[in-house]
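Everything on this sheet refers to the single structure shown next.
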Amino acid sequence: MWELKRWIHGQQKNTADRYSNRIVALMSSAQEATSLPCLENIWRELLAILTEAVQDLDANNLSEESFASCPSVLQMAMDVIRDRRVIVALADT
């Protein structure tokens, strides 16, 4: 029984790690983006990740503890996109 719980916890952690890695990669892409449409695509991808994470939480593929860290990382990425939007918009003027 303990082994099964440990295995499930490990799988849930791996799922959370994959989400975090995807978010960090998108954050890096946002920092390098040079157009507003590119930033909009990254924004949509971040929202898709949030949707997937909620679905995985509901399916018990992601623990509540692991899910709790997703919104904070996601918020940082969205803040980067907001800041980058301003920089790109100013560069276009």
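Under my numbering, the first residue of the sequence shown carries the number 658, and numbering increases by one thereafter. Built from N, CA and C at the ideal position, the CB exists for glycine as well. Predicted, not measured: the structure shown is a model, and the values here were computed from it.
Judged by DSSP in its simplified three-state form, residue 726 adopts helix. Rounded to whole angstroms, the Cβ separation of residue 658 and residue 734 is 38 Å, and the two are not in contact under 8 Å.
The alpha helix (DSSP H) runs lying completely inside the region 671-733 and spanning 4 residues or more are 693-715, given in chain order. In chain order, 669 place their CB closer than 6 Å to the CB of residue 720, counting only its own chain and leaving out the 5 sequence neighbours on each side. Distance between residue 729 and residue 704, taken at the CA atoms: about 13 Å. For the set 701, 709, 691, 697, the Cα lying nearest the Cα of residue 748 is the one of 691.
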